[in-house]
Structures are given as C-alpha cells and as structure tokens.
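A short write-up of the structure that comes next.
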Amino acid sequence: MALMTLDEIELGYPDGFNLHVEHLALEPGRIYILSGPNGAGKSTLLHTLALLSRPRRGVIRFGEEAVTWGGSQLRRLRRRVTLVHQTPYLFSGSIQHNLAMGLSLRGIRGYEQRRRIEQSLTAVGLSDFAKRPARELSGGETRRVALARALALYPDILLLDEPTANLDSATIATFEDVIQILPAQGITVVMSSHDPGQPRRLGGELLRLGGGRLLPVRSRAESAALEVLR
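Start counting the sequence shown at 1; every next residue gets the next number (UniProt numbering).
This is the structure in structure tokens:
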C-alpha cells in the first residue's frame with residue numbers, strides 16, 4: 001500500500017500558476033527526486049505533500065485515510081511529514097536548543113529527547129556541535145542542523161527543498177550519505193534537485209515537473225541514447 005497518494009490534485013495561486021497532479025503514489029521507504037526548471041512547481045508540490053497547502057480540488061490520502069482540512073486529524077497527519085526548506089531558519093541559542101524545541105512541542109522530553117538529539121546530530125556528522133551557537137554556523141552547517149532537527153522528529157515522509165544547492169562537493173557527499181540510508185529506517189524521502197546525477201547516486205526515482213504537471217520520465221535506455229546524440 002502506498003504511504004501517500006495524490007489524485008486529481010489542483011492548486012492555484014493569484015499569480016496564475018497552477019499545480020495539477022493527476023496521480024502520484026509515494027511508497028514506503030523510497031527516495032524520490034523532483035526535477036524541473038525554476039517555476040515548474042517543485043516547492044509547491046513539496047508544500048502540498050507537507051499538508052501545508054490545501055488543494056482546491058482532489059484527494060490526498062495517507063495510507064487509506066483521506067486527509068480532511070481541519071481539526072485534530074490534520075494536525076496528527078502533519079506530524080508524520082517534515083519539510084526542510086532550502087534556506088532553513090534556526091532560532092538563537094545553541095544547536096541543542098534548536099533541536100529540543102520541536103521535540104518539546106510534541107511532548108518528547110528528558111532522556112528520550114537527549115537521545116534523539118545526540119542520534120540525529122551524529123547522523124549528520126555534527127556530534128560535537130550540540131553546545132555551539134546557531135548563529136555561528138556556516139551555510140552548509142546550518143542545513144545539516146536543519147536536517148538533524150527533522151530527523152529527530154522521526155517522520156514517515158521527509159521533504160527536502162534543494163538541500164544540496166550551492167554546497168561544496170564534500171558537504172553534498174555528507175548529505176547524500178545520510179539520505180541514502182533513510183529508506184532502511186522506514187523514511188520516505190522526496191527531495192527537489194537540479195543535480196542530474198543525484199537520482200543515480202541516491203538510487204532514487206525521478207519525478208519530472210514542468211508547468212505545474214508531472215511529466216513522463218525517460219527510461220535509462222532513452223537517456224543514454226540522447227547522451228550519445230549530444
């Protein structure tokens with residue numbers, strides 16, 4: 001059974017942009033790479049998957065449960081999805097404080113909170129950063145902390161908006177090492193990217209967006225043939 005499905009989703013904005021997804025099914029423990037030019041709808045789709053943008057028509061299901069827009073069900077389902085923005089915001093104070101805030105809001109305190117913070121910081125290679133002030137981090141370190149903050153929440157679906165854009169090759173490799181092992185932990189990852197090599201490196205399924213619609217994805221044989229013609 002799919003973890004989340006979108007059927008006949010339409011979402012419009014005052015500027016005239018429209019997102020239309022006829023059907024999309026996210027399977028448990030998979031990596032999906034959203035590809036497409038700027039303005040194709042990648043961020044809009046991520047916000048829709050995060051249950052932060054309400055479609056004007058269509059149905060979103062979490063498992064067999066249709067999402068209703070309001071009340072305790074929406075709050076409960078939103079807690080199963082975590083979105084990390086390309087330019088994440090960190091609060092003032094220590095890295096530990098930043099990770100602890102989201103956990104405290106969910107009632108996770110004491111030993112379990114400390115364990116999750118240590119575990120997630122270790123996962124992103126920042127195990128000795130807990131006491132560091134958030135305002136002293138580089139851009140790459142800030143994104144790694146934001147990823148650790150998301151992982152500490154144990155989401156079923158992790159949404160990443162251009163997590164490796166404008167980073168050096170070593171930091172990109174660190175991100176990819178972390179992302180690659182998440183499906184084995186039961187986490188489905190959907191990330192937008194302009195890097196054509198990431199689907200292959202991560203073993204992910206490519207989702208192409210253009211003009212607010214999902215486009216057919218070329219087979220590997222078709223892609224290889226096109227490369228030869230170039």
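Where a beta carbon is used, it is the ideal one built from N, C-alpha and C, also for glycine.
Around the beta carbon of residue 210, fewer than 16 other beta carbons sit within 10 angstroms, so the residue counts as exposed. The three-state reading of DSSP puts residue 111 in helix, counting H, G and I together.
At least 8 Å separates the beta-carbon of residue 77 from that of residue 190. Under a 10 Å Cβ-count criterion, residue 198 is classified as buried, with 16 or more other Cβ atoms of the shown protein chains found around its own Cβ. Residues 25, 61 of the same chain have their beta carbon placed closer than 6 Å to that of residue 5, with the five preceding and five following residues left out of the count. Nearest C-alpha to residue 163 among 50, 194, 2, 91: 194. DSSP links residue 17 through a beta bridge to no other residue.
Scanning the region 59 to 132 from its first residue to its last, the whole alpha helix (DSSP H) runs of 4-plus residues come out as 71 to 78, 95 to 105, 110 to 123. For residue 81 and residue 143, the gap between their C-alpha atoms comes out near 18 Å. Remark: C-beta atoms of residue 54 and residue 92 do not approach each other more closely than 8 Å. Judged by DSSP secondary structure, residue 52 falls outside any alpha helix (DSSP H); it is assigned neither H nor E. In the structure shown, residue 179 adopts helical secondary structure according to DSSP, grouped into three states. Taking C-beta separations shorter than 6 Å and ignoring five residues to either side along the sequence, the partners of residue 127 in its chain run 121, following chain order.
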